[in-house]
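What follows is one structure encoded as structure tokens, with my remarks underneath.
Residue numbers (full-length UniProt numbering): 1 to 242.
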């Protein structure tokens, strides 16, 4: 699902990350209006002031399409989706956002993908959110989803009202195969092997900013202080339009 934004004068931002990022997308979206395109096949309205990219997150493949079928065979094994598949999909989707600023969630995650996007779109900053792997494993293994809607719960941070049931429909929650600890650990190792070229690419471009922490609440204040250089408050945006 794509959300277009009428504001087109803001910078674009990318954020390499692999830990559970739902909180961060929701939190960062509050001060400004952004547009978001999600490589994970599931989006929320965080509208379009920045390009917000996560370099490695699980791909939601519960989509009835050829791409979803191809993706499923990779993520079920704990593998990353090949560059040619992701670049083809995202390039096609970005053409639809030709005159907009946008957020990408779940892409890029390799140097080739990063170079492809950078060649097509100017980017103002790349945020590298550094979280210990064991913290990531603990967070992801507690994640359960409602398969039909894609709603995400975490048994420690955001549990459902009734254990094992979706808050809205009452239907059963499931845990995806790629959220099992061993699959997560395998993905983390792949991530560790592949992330350095991506970070070095953005570092050489002079746009990489590192943030370290164990929780979203710990990292977010520092991210927000950095982002304030780019943000236009919602109230001000609405005044400009009205």
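For every residue, glycine included, the Cβ atom is placed at its ideal position computed from N, Cα and C.
Residue 128 sits buried, since 16 or more C-beta atoms from the chains shown fall within 10 Å of its C-beta. Between the segment 143-156 and the segment 168-186 there are three or more inter-stretch CB-CB distances shorter than 8 Å, so the stretches are counted as touching. Excluding five sequence positions before and after residue 197, the CB atoms of its chain that fall closer than 8 Å to its own CB belong to 110 and 111, given in chain order. In the DSSP annotation of this structure, residue 207 is not part of any alpha helix (DSSP H), being labelled neither H nor E. With 16 or more other Cβ atoms inside 10 Å of its own Cβ, residue 113 counts as buried.
In the three-state reduction of the DSSP assignment, residue 224 falls in the helix class. The beta carbons of residue 126 and residue 191 sit no closer together than 7 Å. The alpha carbon of residue 208 has as its nearest neighbour, out of 229, 117 and 123, the alpha carbon of 123.
Counting other Cβ atoms within 10 Å of its Cβ, residue 227 reaches 16 or more and is therefore classed as buried.
When secondary structure is reduced to three states using DSSP, residue 148 falls in the coil class, being assigned neither helix nor strand. Residue burial annotation: residue 167 is exposed, with fewer than 16 other C-beta atoms found within 10 angstroms of its C-beta. Every unbroken stretch of the alpha helix (DSSP H) spanning 4 or more residues and falling wholly within the segment 155-220 is given here in chain order: 181-204. For residue 130, the secondary structure class from DSSP, reduced to helix, strand or coil, is strand. Under the three-state reduction of DSSP, residue 139 is assigned to helix. Here residue 136 really is in contact with residue 188; their C-beta atoms are around 7 Å apart, less than 8 Å. The continuous alpha helix (DSSP H) containing residue 94 extends over residues 83-95.
Close CB contacts of residue 218 within its chain, under the 7 Å cut and outside five residues either way in sequence, are absent.
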